[in-house]
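Have a look at the structure below, then the notes.
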Amino acid sequence: MAIEQQIPAKWLIISSYVLPVMVLVGAILLSIMPVHVGGYDKILPPFIYSVIYYWAVFRPKVFPASLAFGTGIVMDLLVGLTVGVNAFVLVSMRWIIVVQSRFLSGQQFLAQWLVYGIMTLLGQFSLWALYSLLSQAFIPLIPVVIGCVFSIALFPLFYGILHNVHRLIEIAHETP
Amino acid sequence: MNHHSRRNTPKTVSWMYEPIMQLAERLSSAFLIAVSLILMVVSQIHPNLLSETRSLAYDAIAPVMATAVKPIYAVSNWVDHVTGISNLVSMNARLAEENAKLYKWYEKALQLEAENRSLRELVNLNDMGRKSFVSARVIADPGGPFVHSVIVWAGTRNGVKEGQSVLTGKGLVGRISETGSKASRVILLTDLNSRVPVVIERSRQRAIVAGDNNDKPKLIYLPDGASVERGDRLVTSGHGGIYIPGIPVAIVDEVVPGNEIRVRPLADLQRLEYVQIVDFGMRMPLADEEKTDPVYSGNGTSPVKAQ
């Protein structure tokens, strides 16, 4: 018997609303966690992109543009960036992916991974260019690239977690 | 006829629903992108406009992060402990040698302290304010490649104020840039917006340690023909009124003739766990001075607000 069949329908529905929020909060916390591993603090992979990408492709209503905007503002406030920079990048990124969601949702995992990689690079380079422009200084690019590589490498892990949450949402909303 | 139209109704609704939803999606995204751009321009022109909101965000995240970092610090300390065991013999020999050297310096320091005290009394030198401090735990390291800062779990309710110096046992870490009631943000020495007036201990020449988001900040505004050597120690000069004179800051790491000089902060900025926020009772520079003086001006996000 599958585990979801043992959970009462009420809890399934509650979980389907709570879990996506928990994953989002987890990704934000991971992005600001002080990890004392040499140099990690200075690259901080953009984990939030995995969350945005997955929901934009498979269930845009779970992560609407307003939530991407709110997440961006929270990140800007916590990180100390000019308010609006992250919000701009996250909403734009989500929009591009949603427009292509019908095509992307039918693709194999490897193709998804590749597109995610391109979107991550695009997102982080936009952030880098905007912040460099606003601060009128050349921000070192290497930590940005390393952060992207980490985020791309860890995409399968986030994809797996989000895929399970997605499955739970579908079961919860199919349950009479 | 009626039957036919009734059968087609759901299809018609679906056919209409999808483009409407797509249009709504596009409009909301376009609207939010426009709002983001407006916010960006506004917060660039008035960096302090949203400082209250930032403080609220720090306060909101502080209790969560303070709990979340405990296991991370525990693992990190355990890793240090395990890796430390393998180096125990060599470390012991090094420490014994270092201890012998330090003992000589201790004797010298006592002698100099007594001499310093008597000379201060002789010239009736005004002391640089009272000193009080708060120890605080680092609970978040949110900047990544863009902003070099940390959030500490101490705020206005603990007496923390903007502009106060943040130190570890080894040297200067940075300064408080924003305060909430429970948590505050510390701009690190390496951040793009950090400028620390220093003096080279050996030659007493003044300069500025300027962060540029590299692990090793630059040493700028050094007088022509100044003598700088690799290994020179830099301490705060006290100019500008943010830091008191004599706080150890960095040592010169790279000197490229005719090119830039890079320094290495004495405090280990990558492994900050606890810091000391020190109130030296210094007067903060005026807001206008801050905006125009290259020593204090920051191009970016959150310059220190004058009190």
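Residue numbers (the working numbering), protein chains in the order written: chain S, 206 to 381; chain D, 257 to 563. Cβ coordinates follow ideal geometry from the N, Cα and C atoms, glycine included. These numbers come from a predicted model, not from an experiment.
Simplified DSSP assignment, three categories, for residue i
| i | result |
| --- | --- |
| E510(D) | strand |
| Y530(D) | strand |
| E434(D) | strand |
| F252(S) | coil |
| K326(D) | helix |
| F402(D) | coil |
| A482(D) | coil |
| S356(S) | helix |
| P345(S) | coil |
| S340(S) | helix |
| A439(D) | coil |
| D535(D) | strand |
| T521(D) | In the sequence on display, residue 521(D) carries Pro and not Thr. Reduced to three states, the DSSP call for P521(D) is strand. |
| A273(S) | helix |
| A410(D) | coil |
| L445(D) | coil |
| P213(S) | coil |
| T325(S) | helix |
| P453(D) | strand |
| P473(D) | coil |
| S388(D) | strand |
| V297(D) | helix |
| T424(D) | coil |
| I498(D) | coil |
| L490(D) | strand |
| L542(D) | Caution is warranted here: a pLDDT of 40 is assigned to L542(D), below 50, making its placement in the model unreliable, and the coordinate value is therefore given only provisionally. L542(D) falls in the coil class under three-state DSSP. |
| P275(D) | helix |
Residue j beta carbon less than 7 Å from that of residue i
| i | j | result |
| --- | --- | --- |
| V452(D) | A463(D) | no |
| G427(D) | L444(D) | no |
| V442(D) | V408(D) | yes |
| L295(D) | G289(S) | yes |
| S437(D) | D315(D) | yes |
| S310(S) | F363(S) | no |
| A273(S) | V303(S) | no |
| N515(D) | P345(S) | no |
| L249(S) | G322(S) | no |
| G502(D) | V491(D) | yes |
| F536(D) | K387(D) | yes |
| D488(D) | V508(D) | yes |
| L448(D) | G467(D) | yes |
| L229(S) | V267(S) | no |
| L282(S) | A313(D) | yes |
| S332(D) | Y530(D) | no |
Residue burial classification, residue i (beta-carbon count within 10 angstroms, cutoff 16)
| i | result |
| --- | --- |
| T339(D) | exposed |
| L525(D) | buried |
| N369(S) | exposed |
| G222(S) | Note that residue 222(S) corresponds to Tyr in the displayed sequence, not to Gly. That one is exposed. |
| P275(D) | exposed |
| R310(D) | buried |
| W216(S) | exposed |
| M347(D) | exposed |
| H371(S) | buried |
| D397(D) | buried |
| I374(S) | buried |
| P521(D) | buried |
Anticipated Cβ contact below 8 Å, residue i with residue j, distance rounded
| i | j | result |
| --- | --- | --- |
| A356(D) | L234(S) | Contact doesn't hold; Cβ gap of about 47 Å is too wide. |
| Q329(S) | P251(S) | 6 Å |
| V505(D) | V465(D) | 6 Å |
| P401(D) | V240(S) | About 15 Å; that fails the 8 Å criterion. |
| S450(D) | S483(D) | With a Cβ gap of about 25 Å, S450(D) and S483(D) do not count as contacting. |
| S306(S) | P269(S) | No, S306(S) and P269(S) are not in contact; Cβ-Cβ is about 13 Å, not under 8 Å. |
Closest by C-alpha distance to residue i, when choosing among the options
| i | options | result |
| --- | --- | --- |
| V279(S) | L366(D), S292(D), I341(D) | S292(D) |
| A358(S) | A270(S), L315(S), S306(S), N291(S) | L315(S) |
| W333(S) | N291(S), G365(S), I218(S) | N291(S) |
| G494(D) | S483(D), Q461(D), P473(D), V484(D) | Q461(D) |
| G411(D) | N304(D), A439(D), E308(D), S433(D) | A439(D) |
| Y254(S) | L295(S), H371(S), I219(S) | L295(S) |
| S271(S) | A290(D), Q367(D), K474(D), R527(D) | A290(D) |
| S331(S) | T287(S), F293(S), S340(S) | F293(S) |
| F389(D) | G425(D), V403(D), L368(D), E354(D) | G425(D) |
| L306(D) | E434(D), E354(D), R373(D), V416(D) | E434(D) |
| A322(D) | R376(D), I533(D), M277(D), I395(D) | I395(D) |
| Q317(S) | P265(S), G277(S), F360(S) | F360(S) |
| T325(S) | Y258(S), P213(S), A232(S) | Y258(S) |
| L528(D) | I476(D), K472(D), V403(D), R393(D) | R393(D) |
| G382(S) | E375(S), Q211(S), S236(S) | The structure shown does not extend to residue 382(S), since chain S spans only 206 to 381, so no value can be given for it. |
| R299(S) | K326(D), E363(D), S284(D) | S284(D) |
| K472(D) | A523(D), H337(D), I500(D) | A523(D) |
| R518(D) | E353(D), Y273(D), R486(D) | R486(D) |
| I500(D) | A330(D), Q300(D), V534(D) | V534(D) |
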